[in-house]
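>
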Amino acid sequence: MPWLWRVGIGALPFIRLFLLIRLQHNYNSTHNSGRLPGFF
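The opening residue of the sequence shown carries number 36 in our numbering; numbering runs sequentially from there.
As structure tokens, then:
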């Protein structure tokens, strides 16, 4: 299924962005230090 690979590769940046936002949100909520520079 070549289309499945294309969809997966196309969704990778969105998945990485989602995970990055979640990790940053968890870090902010646990450390209460606001937002770090260079992140959303």
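Glycine included, each C-beta is placed from N, C-alpha and C at the ideal position. As the structure is a computational prediction, the values presented were derived from the model and not from experiment.
Alpha carbon to alpha carbon, what distance is there between Met36 and Leu58?
When rounded, the distance between both Cα atoms is 32 Å.
> For Arg40 and Arg51, I'd like the C-alpha separation in whole angstroms.
The sequence given here places Trp at residue 40; Arg does not occur at that position. The alpha-carbon atoms of Trp40 and Arg51 are separated by roughly 17 Å.
> Determine the direct distance from the alpha carbon of Ile44 to that of Leu55, and round the result to whole angstroms.
One C-alpha to the other measures close to 17 Å.
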